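Residue numbers (the numbering used here), protein chains in the order written: chain A, 1 to 169; chain B, 1001 to 1169.
Protein chains: 2
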Amino acid sequence: MSKYDHRILKNDPGLDEQFMKEAIKQAKKAYKLGESPIGCVIVRDNIIIARGYNRRNTDHSTLSHAEITAIKKASRLAEDWRLEDCTLYVTLEPCQMCAGAIIQSRIPRVVIGAMNPKAGCAGSVLNILEMPQFNHVCEVRRGVLEDECSGLMKNFFSDLRKSLKSNAQ
Amino acid sequence: MSKYDHRILKNDPGLDEQFMKEAIKQAKKAYKLGESPIGCVIVRDNIIIARGYNRRNTDHSTLSHAEITAIKKASRLAEDWRLEDCTLYVTLEPCQMCAGAIIQSRIPRVVIGAMNPKAGCAGSVLNILEMPQFNHVCEVRRGVLEDECSGLMKNFFSDLRKSLKSNAQ
């Protein structure tokens, strides 16, 4: 983990909340498209270098998860597949693919909003981010703006159920 | 799993070898670029619909693994993130990210050449492809043209060591 990330963690935990708010803005873009509201930002030296939100149905692509989009953009900017001095903020616990992409791109620190008990792979079904068997292990902070992040998901699925019910009538 | 895949599996196992040879051709393209020689093809109705090979260093992107590239192309062709009637052939056991992408895109059948004991996630470090906890479980065949697939990797790393040694002298 870079010195920078230690600084954030020890001296200014409020920065995590600030960057999670930006990830929530991304999640709201997904919501507007009728996609599960999941958003992500990647930060280096206190600057957001990449953003992403879930567009899986819109793009007809599994690879349009929020984290994958953000990692792709960050690597393009860094001209490197290694994102060793970055922190990734995501509103929902990553799936197995996104947790894998985080490890593969050697992101040292991950900040998560809400957990995803049924499918999450950063502590729920698996904990891919913190497995000593792999050649990279992340530092993970969970539960940052958790209520807001999980609230977005709950509202989305409540809207979806209402819409399905009204279409069925 | 689709009826088609059952037919391959039961009646013509030789088809798996035939498609793995095509994945090996892709792996050789990576080798020529100086990348770890890993190749992948995705097959539907006996036709290869997508190909990919490892270009991680060339593209400066973690997302340029062979399987991710092939999944991206197949989804573009299918205009669907679900690849429910496809078989994926890959020369080396997938990493955690690629195994995750296979599950996320609901590919029903995966055929693997060589295993990757230190980092593979289809039976070695993890077995993401066959976890009943997820909403999709693959059928996996391992060891197809294993010697040729692992031989490519061994030659690549042998060449790399020689090159590093000669540069150090």
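Every residue gets a Cβ at the ideal spot worked out from N, C-alpha and C, and that includes glycine.
If you're wondering where the values come from, they're calculated on a predicted model, not measured in any experiment.
Which bits of chain A does residue i rub up against, with CB to CB less than 8 Å?
{"i": "F1134 (chain B)", "result": "Q96, A119 and V125"}
{"i": "I1068 (chain B)", "result": "L63"}
List, in order along the chain, the chain A residues whose C-beta lies closer than 7 Å to that of residue i?
{"i": "T1062 (chain B)", "result": "I71, S75, W81, A101, Q104 and S105"}
Going by the CB atoms, is the gap between residue j and residue i shorter than 8 Å?
{"i": "A1101 (chain B)", "j": "E1139 (chain B)", "result": "no"}
{"i": "S1105 (chain B)", "j": "I1071 (chain B)", "result": "yes"}
{"i": "A74 (chain A)", "j": "C95 (chain A)", "result": "no"}
{"i": "I1047 (chain B)", "j": "L1088 (chain B)", "result": "no"}
{"i": "W81 (chain A)", "j": "S1124 (chain B)", "result": "no"}
{"i": "M1115 (chain B)", "j": "R1141 (chain B)", "result": "no"}
{"i": "N1054 (chain B)", "j": "A1078 (chain B)", "result": "no"}
{"i": "E1017 (chain B)", "j": "V1144 (chain B)", "result": "yes"}
{"i": "L1152 (chain B)", "j": "A1027 (chain B)", "result": "yes"}
{"i": "I1128 (chain B)", "j": "A1099 (chain B)", "result": "yes"}
{"i": "C1086 (chain B)", "j": "I1112 (chain B)", "result": "no"}
{"i": "M1131 (chain B)", "j": "M97 (chain A)", "result": "no"}
Identify which residue in the options has its Cα closest to the Cα of residue i.
{"i": "K1025 (chain B)", "options": "B:I1047, B:L1015, B:G1014 and B:R1051", "result": "B:R1051"}
{"i": "E1084 (chain B)", "options": "B:V1137, B:M1153, B:L1015 and B:D1159", "result": "B:V1137"}
{"i": "D147 (chain A)", "options": "A:C86, A:L15 and A:L92", "result": "A:L92"}
{"i": "R1076 (chain B)", "options": "A:E79, A:T87, A:N57 and A:V90", "result": "A:N57"}
{"i": "N135 (chain A)", "options": "A:C98, A:H65 and A:I103", "result": "A:I103"}
{"i": "Q133 (chain A)", "options": "B:P1132, B:M1131 and B:L1126", "result": "B:L1126"}
{"i": "G39 (chain A)", "options": "A:L15, A:D45 and A:T69", "result": "A:T69"}
{"i": "D1045 (chain B)", "options": "B:S1166, B:F1019 and B:V1090", "result": "B:F1019"}
{"i": "K21 (chain A)", "options": "A:L33, A:S64, A:V90 and A:I49", "result": "A:V90"}
{"i": "D1159 (chain B)", "options": "B:P1117, B:A1122 and B:L1033", "result": "B:L1033"}
Chain B partners of residue i, CB-CB under 7 Å?
{"i": "I128 (chain A)", "result": "Q1096"}
{"i": "R170 (chain A)", "result": "In the structure as shown, chain A starts at 1 and stops at 169, and residue 170 (chain A) therefore has no counterpart that could be examined."}
Which residues of chain B have a Cβ atom closer than 8 Å to the Cβ of residue i, listed in chain order?
{"i": "R56 (chain A)", "result": "W1081"}
Taking 8 Å as the CB-CB limit, is residue i close to chain E?
{"i": "Q96 (chain A)", "result": "In the displayed structure, chain E is absent; the protein chains listed are A and B."}
Item to check | Interface residues of the stretch 92 to 103 of chain A facing chain B [CB-CB below 8 Å] | outcome: Of all residues in the stretch 92 to 103 of chain A, the ones placed with a Cβ closer than 8 Å to any Cβ belonging to chain B are C95, Q96, M97, C98, A99, G100, A101 and I103, in chain order.
Item to check | Contact residues within the stretch 1032 to 1045 of chain B, judged by C-beta distance below 8 Å to chain A | outcome: Of all residues in the stretch 1032 to 1045 of chain B, none places a beta-carbon less than 8 Å from a beta-carbon of chain A.
Checklist entry - What residues in the stretch 135 to 146 of chain A have a beta carbon less than 8 Å from any beta carbon of chain B? => result N135
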